[in-house]
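In this note's numbering, the protein residues as written are 54 to 370.
Positions of the beta carbon are idealized from the N, C-alpha and C atoms, including for glycine.
These numbers were taken from a predicted model, which means no experiment stands behind them.
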(Lines of atoms letter the chains of each structure in order from A and count residues from 1; the text may use other names and numbers.)
(Lines give C-alpha, C1' and ligand atoms only; values in the text may rest on other atoms or scores of the structure.)
Protein backbone atom coordinates (compact mmCIF):
# COMPACT_ATOMS: atom_id res chain seq x y z
CA UNK A 1 0.00 0.00 0.00
CA UNK A 2 1.21 3.52 -0.81
CA UNK A 3 0.20 6.99 0.34
CA UNK A 4 -1.13 7.88 -3.14
CA UNK A 5 -4.79 7.13 -2.60
CA UNK A 6 -4.82 9.12 0.63
CA UNK A 7 -3.28 12.12 -1.14
CA UNK A 8 -5.96 11.78 -3.81
CA UNK A 9 -8.69 11.68 -1.16
CA UNK A 10 -7.69 14.91 0.57
CA UNK A 11 -6.34 16.83 -2.44
CA UNK A 12 -8.99 16.44 -5.15
CA UNK A 13 -10.61 19.62 -6.41
CA UNK A 14 -13.29 21.61 -4.65
CA UNK A 15 -16.36 19.52 -3.98
CA UNK A 16 -14.51 16.25 -4.49
CA UNK A 17 -11.90 16.22 -1.73
CA UNK A 18 -12.90 15.01 1.72
CA UNK A 19 -11.25 14.36 5.08
CA UNK A 20 -9.99 10.89 5.90
CA UNK A 21 -11.97 8.66 8.18
CA UNK A 22 -10.31 7.58 11.42
CA UNK A 23 -9.44 4.20 9.92
CA UNK A 24 -8.05 5.78 6.75
CA UNK A 25 -5.96 8.19 8.79
CA UNK A 26 -4.56 5.29 10.83
CA UNK A 27 -3.59 3.47 7.63
CA UNK A 28 -2.00 6.58 6.13
CA UNK A 29 0.10 7.31 9.20
CA UNK A 30 1.14 3.65 9.41
CA UNK A 31 2.52 3.92 5.88
CA UNK A 32 4.39 7.10 6.83
CA UNK A 33 5.86 5.69 10.05
CA UNK A 34 6.87 2.48 8.27
CA UNK A 35 8.91 4.58 5.83
CA UNK A 36 6.84 3.49 2.83
CA UNK A 37 5.67 6.94 1.73
CA UNK A 38 7.48 8.56 -1.18
CA UNK A 39 8.94 11.93 -0.13
CA UNK A 40 6.92 13.82 -2.74
CA UNK A 41 3.68 12.17 -1.62
CA UNK A 42 4.47 12.79 2.05
CA UNK A 43 5.17 16.46 1.44
CA UNK A 44 2.01 16.90 -0.60
CA UNK A 45 -0.08 15.06 1.99
CA UNK A 46 1.15 17.06 4.97
CA UNK A 47 0.87 20.43 3.26
CA UNK A 48 -2.65 19.78 1.96
CA UNK A 49 -3.71 18.96 5.51
CA UNK A 50 -1.91 22.07 6.73
CA UNK A 51 -3.72 24.28 4.23
CA UNK A 52 -7.14 22.72 4.84
CA UNK A 53 -6.91 22.47 8.64
CA UNK A 54 -6.85 19.58 11.09
CA UNK A 55 -9.83 17.28 11.67
CA UNK A 56 -10.48 15.36 14.93
CA UNK A 57 -11.03 12.02 13.16
CA UNK A 58 -7.77 12.37 11.26
CA UNK A 59 -5.78 13.37 14.33
CA UNK A 60 -7.27 10.43 16.23
CA UNK A 61 -6.35 7.99 13.47
CA UNK A 62 -2.84 9.38 13.08
CA UNK A 63 -2.36 9.20 16.85
CA UNK A 64 -3.61 5.63 17.05
CA UNK A 65 -1.04 4.60 14.45
CA UNK A 66 1.74 6.31 16.41
CA UNK A 67 0.67 4.63 19.64
CA UNK A 68 0.74 1.23 17.97
CA UNK A 69 4.13 1.93 16.39
CA UNK A 70 5.86 3.48 19.41
CA UNK A 71 4.50 2.50 22.83
CA UNK A 72 6.65 3.31 25.86
CA UNK A 73 8.01 0.43 27.96
CA UNK A 74 6.53 1.81 31.18
CA UNK A 75 3.29 2.97 32.75
CA UNK A 76 2.28 6.37 34.08
CA UNK A 77 -0.53 8.15 35.87
CA UNK A 78 -0.07 11.40 33.96
CA UNK A 79 1.13 12.04 30.41
CA UNK A 80 2.81 15.45 29.92
CA UNK A 81 3.93 16.34 26.38
CA UNK A 82 6.36 19.21 25.69
CA UNK A 83 6.75 20.20 22.04
CA UNK A 84 6.70 24.00 21.96
CA UNK A 85 9.41 26.04 20.28
CA UNK A 86 11.34 28.40 22.50
CA UNK A 87 11.41 31.71 20.67
CA UNK A 88 9.10 33.43 23.15
CA UNK A 89 9.66 31.29 26.22
CA UNK A 90 11.47 31.84 29.46
CA UNK A 91 12.46 29.21 31.99
CA UNK A 92 10.55 25.90 31.75
CA UNK A 93 8.66 26.37 35.01
CA UNK A 94 6.22 23.61 34.06
CA UNK A 95 8.97 21.11 34.92
CA UNK A 96 8.70 22.25 38.54
CA UNK A 97 4.94 21.76 38.34
CA UNK A 98 5.44 18.23 37.06
CA UNK A 99 7.76 17.55 39.98
CA UNK A 100 5.07 18.71 42.40
CA UNK A 101 2.57 16.30 40.84
CA UNK A 102 5.10 13.49 41.24
CA UNK A 103 5.64 14.60 44.84
CA UNK A 104 1.90 14.07 45.38
CA UNK A 105 2.39 10.38 44.64
CA UNK A 106 1.60 10.23 40.94
CA UNK A 107 3.93 8.86 38.28
CA UNK A 108 4.54 11.51 35.63
CA UNK A 109 6.02 10.83 32.20
CA UNK A 110 7.08 13.81 30.10
CA UNK A 111 8.07 13.45 26.46
CA UNK A 112 9.06 15.89 23.79
CA UNK A 113 11.33 17.87 21.57
CA UNK A 114 11.80 21.64 21.63
CA UNK A 115 13.49 23.63 18.89
CA UNK A 116 15.03 27.13 18.84
CA UNK A 117 15.40 27.31 22.62
CA UNK A 118 17.75 29.72 24.36
CA UNK A 119 19.90 28.50 27.24
CA UNK A 120 17.53 29.72 29.94
CA UNK A 121 14.50 28.24 28.21
CA UNK A 122 15.95 24.84 27.35
CA UNK A 123 13.89 21.95 28.67
CA UNK A 124 16.65 19.41 28.12
CA UNK A 125 19.27 21.54 29.89
CA UNK A 126 17.05 21.89 32.97
CA UNK A 127 16.33 18.18 33.41
CA UNK A 128 19.62 17.25 35.07
CA UNK A 129 19.63 20.23 37.43
CA UNK A 130 16.09 19.33 38.51
CA UNK A 131 16.87 15.62 39.00
CA UNK A 132 14.43 14.56 36.30
CA UNK A 133 15.97 11.48 34.67
CA UNK A 134 15.59 10.42 31.07
CA UNK A 135 14.18 7.00 30.21
CA UNK A 136 13.74 5.91 33.83
CA UNK A 137 11.41 2.95 34.16
CA UNK A 138 10.80 3.23 37.91
CA UNK A 139 11.31 6.91 38.85
CA UNK A 140 8.36 9.04 40.03
CA UNK A 141 9.03 11.37 37.09
CA UNK A 142 10.93 10.83 33.86
CA UNK A 143 11.40 12.37 30.42
CA UNK A 144 11.31 10.46 27.15
CA UNK A 145 13.15 12.04 24.17
CA UNK A 146 10.93 11.63 21.13
CA UNK A 147 13.90 10.99 18.85
CA UNK A 148 14.71 7.89 20.93
CA UNK A 149 11.23 6.52 21.50
CA UNK A 150 9.52 7.50 18.24
CA UNK A 151 12.31 8.10 15.73
CA UNK A 152 10.03 7.71 12.70
CA UNK A 153 7.67 10.41 13.99
CA UNK A 154 10.67 12.56 14.84
CA UNK A 155 11.80 12.45 11.22
CA UNK A 156 8.39 13.72 10.14
CA UNK A 157 8.53 16.42 12.81
CA UNK A 158 11.89 17.62 11.51
CA UNK A 159 10.36 18.19 8.08
CA UNK A 160 9.31 21.54 9.51
CA UNK A 161 12.86 22.67 8.72
CA UNK A 162 12.20 21.78 5.07
CA UNK A 163 8.66 23.17 4.78
CA UNK A 164 9.12 26.18 7.01
CA UNK A 165 5.70 25.28 8.46
CA UNK A 166 4.37 23.04 11.20
CA UNK A 167 2.33 19.99 10.20
CA UNK A 168 -0.22 17.78 11.89
CA UNK A 169 2.58 15.70 13.46
CA UNK A 170 2.98 18.47 16.05
CA UNK A 171 -0.57 17.85 17.23
CA UNK A 172 -0.20 14.07 16.94
CA UNK A 173 2.86 14.03 19.17
CA UNK A 174 1.03 16.04 21.82
CA UNK A 175 -1.70 13.40 21.61
CA UNK A 176 0.74 10.47 21.60
CA UNK A 177 0.46 9.43 25.28
CA UNK A 178 2.98 6.59 24.80
CA UNK A 179 2.37 5.12 28.28
CA UNK A 180 -1.41 5.01 27.82
CA UNK A 181 -1.78 7.09 30.97
CA UNK A 182 -5.39 7.63 32.07
CA UNK A 183 -4.84 11.39 32.34
CA UNK A 184 -2.97 13.82 30.12
CA UNK A 185 -2.30 17.56 30.08
CA UNK A 186 -1.52 19.52 26.92
CA UNK A 187 -0.59 23.08 26.12
CA UNK A 188 -1.28 24.82 22.82
CA UNK A 189 -0.27 28.16 21.35
CA UNK A 190 -3.36 28.67 19.17
CA UNK A 191 -6.68 28.54 21.08
CA UNK A 192 -8.49 26.74 18.25
CA UNK A 193 -6.52 23.57 18.96
CA UNK A 194 -8.01 23.18 22.44
CA UNK A 195 -11.30 21.81 21.17
CA UNK A 196 -9.67 19.85 18.36
CA UNK A 197 -7.44 17.89 20.71
CA UNK A 198 -10.25 17.24 23.18
CA UNK A 199 -12.46 15.86 20.39
CA UNK A 200 -9.66 13.65 19.07
CA UNK A 201 -8.93 12.36 22.56
CA UNK A 202 -12.58 11.43 23.04
CA UNK A 203 -12.51 9.43 19.82
CA UNK A 204 -9.54 7.52 21.24
CA UNK A 205 -11.36 6.76 24.48
CA UNK A 206 -9.29 9.06 26.69
CA UNK A 207 -10.84 9.47 30.13
CA UNK A 208 -9.30 12.63 31.55
CA UNK A 209 -7.63 15.36 29.51
CA UNK A 210 -6.89 19.04 29.98
CA UNK A 211 -5.87 21.41 27.18
CA UNK A 212 -5.01 25.06 27.83
CA UNK A 213 -3.53 27.94 25.89
CA UNK A 214 -0.24 27.87 27.74
CA UNK A 215 2.91 29.93 27.97
CA UNK A 216 4.69 29.64 24.62
CA UNK A 217 2.51 26.64 23.77
CA UNK A 218 3.48 24.55 26.78
CA UNK A 219 1.16 23.33 29.52
CA UNK A 220 1.99 26.28 31.75
CA UNK A 221 -0.50 28.67 33.30
CA UNK A 222 -0.18 32.45 33.48
CA UNK A 223 -1.30 33.13 37.07
CA UNK A 224 -2.26 36.74 36.30
CA UNK A 225 -4.93 35.77 33.76
CA UNK A 226 -8.23 33.97 33.98
CA UNK A 227 -8.06 30.75 32.01
CA UNK A 228 -10.51 28.58 30.10
CA UNK A 229 -9.82 24.88 30.42
CA UNK A 230 -10.95 22.51 27.66
CA UNK A 231 -10.96 18.75 27.89
CA UNK A 232 -12.50 15.60 29.25
CA UNK A 233 -13.46 14.54 32.75
CA UNK A 234 -14.54 10.92 33.12
CA UNK A 235 -14.84 10.82 29.34
CA UNK A 236 -17.23 13.78 29.13
CA UNK A 237 -16.41 17.05 27.34
CA UNK A 238 -16.21 20.18 29.47
CA UNK A 239 -15.14 23.80 29.42
CA UNK A 240 -14.17 25.16 32.83
CA UNK A 241 -13.18 28.70 33.71
CA UNK A 242 -10.68 29.48 36.46
CA UNK A 243 -9.99 32.95 37.81
CA UNK A 244 -6.56 34.56 37.92
CA UNK A 245 -4.63 33.75 41.08
CA UNK A 246 -2.50 36.92 41.13
CA UNK A 247 -3.42 40.54 40.53
CA UNK A 248 0.04 41.40 39.23
CA UNK A 249 0.27 41.97 35.49
CA UNK A 250 3.41 40.49 33.99
CA UNK A 251 4.47 38.60 30.92
CA UNK A 252 5.43 34.96 31.33
CA UNK A 253 8.90 35.72 29.98
CA UNK A 254 9.84 39.10 31.40
CA UNK A 255 13.33 40.19 30.23
CA UNK A 256 13.85 42.25 33.38
CA UNK A 257 12.78 39.43 35.70
CA UNK A 258 14.53 36.34 34.39
CA UNK A 259 13.90 33.16 36.35
CA UNK A 260 16.27 30.24 36.86
CA UNK A 261 14.12 27.13 37.33
CA UNK A 262 16.59 25.07 39.40
CA UNK A 263 17.36 28.08 41.62
CA UNK A 264 13.63 28.68 42.15
CA UNK A 265 13.15 25.05 43.15
CA UNK A 266 16.11 25.06 45.54
CA UNK A 267 15.07 28.34 47.14
CA UNK A 268 18.14 30.23 46.00
CA UNK A 269 15.85 32.50 43.99
CA UNK A 270 12.54 33.96 45.13
CA UNK A 271 9.96 35.19 42.65
CA UNK A 272 6.30 35.18 43.75
CA UNK A 273 4.98 35.41 40.18
CA UNK A 274 7.08 32.47 39.00
CA UNK A 275 6.09 30.48 42.06
CA UNK A 276 2.42 31.19 41.33
CA UNK A 277 3.01 29.96 37.76
CA UNK A 278 4.38 26.68 39.12
CA UNK A 279 1.60 26.27 41.67
CA UNK A 280 -1.21 27.20 39.27
CA UNK A 281 0.07 24.85 36.59
CA UNK A 282 0.44 21.99 39.06
CA UNK A 283 -3.02 22.75 40.40
CA UNK A 284 -4.68 22.26 37.02
CA UNK A 285 -2.71 19.04 36.50
CA UNK A 286 -3.80 17.70 39.90
CA UNK A 287 -7.41 18.70 39.18
CA UNK A 288 -7.20 16.87 35.86
CA UNK A 289 -6.31 13.71 37.73
CA UNK A 290 -9.17 14.07 40.20
CA UNK A 291 -6.99 14.96 43.19
CA UNK A 292 -9.46 17.75 44.05
CA UNK A 293 -13.03 18.60 43.11
CA UNK A 294 -12.30 22.18 42.04
CA UNK A 295 -9.37 23.99 40.48
CA UNK A 296 -9.20 26.24 43.55
CA UNK A 297 -8.88 23.23 45.86
CA UNK A 298 -6.20 21.77 43.61
CA UNK A 299 -4.32 25.09 43.68
CA UNK A 300 -4.33 24.96 47.48
CA UNK A 301 -3.00 21.41 47.36
CA UNK A 302 -0.26 22.49 44.96
CA UNK A 303 0.66 25.41 47.23
CA UNK A 304 1.16 22.98 50.10
CA UNK A 305 3.26 20.72 47.92
CA UNK A 306 5.40 23.71 46.97
CA UNK A 307 5.97 24.70 50.59
CA UNK A 308 6.90 21.12 51.49
CA UNK A 309 8.89 20.31 48.35
CA UNK A 310 12.16 19.84 50.21
CA UNK A 311 10.76 17.44 52.79
CA UNK A 312 10.70 13.70 52.23
CA UNK A 313 7.01 13.50 53.08
CA UNK A 314 4.65 12.55 50.28
CA UNK A 315 1.17 14.00 50.43
CA UNK A 316 -1.41 11.41 49.54
CA UNK A 317 -3.62 12.43 46.66
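>> Using the Cβ count rule (16 or more neighbours within 10 Å means buried), how would you classify residue 218?
In response: When all chains shown are included, residue 218 counts as exposed.
> Going by beta carbon distance, what residues of the same chain come within less than 7 angstroms of residue 57, once the five residues before and after it are set aside?
Replying inline: Once the five neighbours on either side are set aside, the close Cβ partners of residue 57 are 94.
>> If you reduce the DSSP assignment to three classes, tell me which class residue 133 lands in.
In response: When DSSP states are grouped into helix, strand and coil, residue 133 belongs to the strand group.
> According to the neighbour-count rule (16 or more other Cβ atoms, all chains shown, within 10 Å of its Cβ), is residue 271 buried or exposed?
Replying inline: It counts as buried.
>> I'd like to confirm the pairing. Which residues does DSSP put opposite residue 258 in its beta bridges?
In response: For residue 258, DSSP assigns no beta-bridge partner whatsoever.
> I think residue 244 touches residue 124, with their Cβ atoms under 8 angstroms apart; what is that distance to the nearest whole Å?
Replying inline: About 31 angstroms separates the CB atoms of residue 244 and residue 124; that is not less than 8 angstroms, and the two are not in contact.
> Does the Cβ of residue 261 have 16 or more other Cβ atoms within 10 Å, making it buried, or fewer, making it exposed?
Replying inline: Result: buried.
>> I'd like the ranges of any beta strand (DSSP E) spanning at least 3 consecutive residues and lying wholly in the segment 223 to 290.
In response: Those beta strand (DSSP E) runs which fall completely within the segment 223 to 290 and span 3+ residues are 236 to 241, 261 to 266, 280 to 286.
> Beta-carbon separation of residue 112 and residue 228 under 8 angstroms?
Replying inline: Yes, Cβ-Cβ distance for residue 112 and residue 228 is below 8 angstroms.
> Per DSSP, what kind of secondary structure is residue 296 in: helix, strand or coil?
Replying inline: DSSP, read as helix, strand or coil, puts residue 296 in coil.
> What does a CB cutoff of less than 8 angstroms around residue 74 pick up in its chain, not counting 5 residues either side in sequence?
Replying inline: So the list reads 110, 114, once near-sequence residues are dropped.
>> Applying the 10 Å Cβ sphere with the 16-neighbour rule, what's the burial state of residue 150?
In response: By the neighbour-count criterion, in which 16 or more other beta carbons inside 10 Å mark a residue as buried, residue 150 falls on the buried side.
> In terms of DSSP beta bridges, what is residue 198 paired with?
Replying inline: 165.
>> Could you compute how far the alpha carbon of residue 253 sits from the alpha carbon of residue 247?
In response: If I take the Cα positions, the gap works out to 10 angstroms.
> In its own chain, which residues sit with a C-beta less than 6 angstroms from the C-beta of residue 220, not counting the 5 before and 5 after it?
Replying inline: Within the same chain, residue 220 has close Cβ partners 99, 103.
> From residue 161 to residue 279, what distance separates their C-alpha atoms?
Replying inline: Rounded to whole angstroms, residue 161 to residue 279 spans 26 angstroms at the Cα level.
> Which residues mark the beginning and the end of the alpha helix (DSSP H) in which residue 116 is found?
Replying inline: Residue 116 -> alpha helix (DSSP H) spans 109 to 122.
> From which residue to which residue does the alpha helix (DSSP H) around residue 323 run?
Replying inline: First-last for residue 323: undefined, no H or E at that position.
>> Please report the distance separating the alpha-carbon of residue 286 from that of residue 129.
In response: Their backbone Cα atoms lie some 18 angstroms apart in a straight line.
>> Whole angstroms are fine: how far does the CA of residue 242 sit from the CA of residue 158?
In response: If you take the alpha carbons of residue 158 and residue 242, they lie about 29 angstroms apart.
> By a C-beta neighbour count over all protein chains shown, 10 Å radius and 16 as the cutoff for buried, is residue 142 buried or exposed?
Replying inline: It is buried - the Cβ of residue 142 has at least 16 other Cβ atoms within 10 Å.
> Roughly how far, in whole angstroms, is the beta-carbon of residue 183 from the beta-carbon of residue 318, given that I think they are within contact range, below 8 angstroms?
Replying inline: With a Cβ gap of about 6 angstroms, residue 183 and residue 318 count as contacting.
> According to DSSP, is residue 187 helix, strand or coil?
Replying inline: Residue 187 falls in the strand class under three-state DSSP.
>> Rounding to the nearest angstrom, what Cα-Cα distance links residue 209 and residue 297 in this structure?
In response: Each residue's Cα considered, the two are about 38 angstroms apart.
> If residue 274 sits next to residue 343, beta carbons under 8 angstroms apart, how far is it from one beta carbon to the other, in whole angstroms?
Replying inline: Taking 8 angstroms as the upper bound for CB-CB distance, residue 274 and residue 343 are not in contact here, some 18 angstroms apart.
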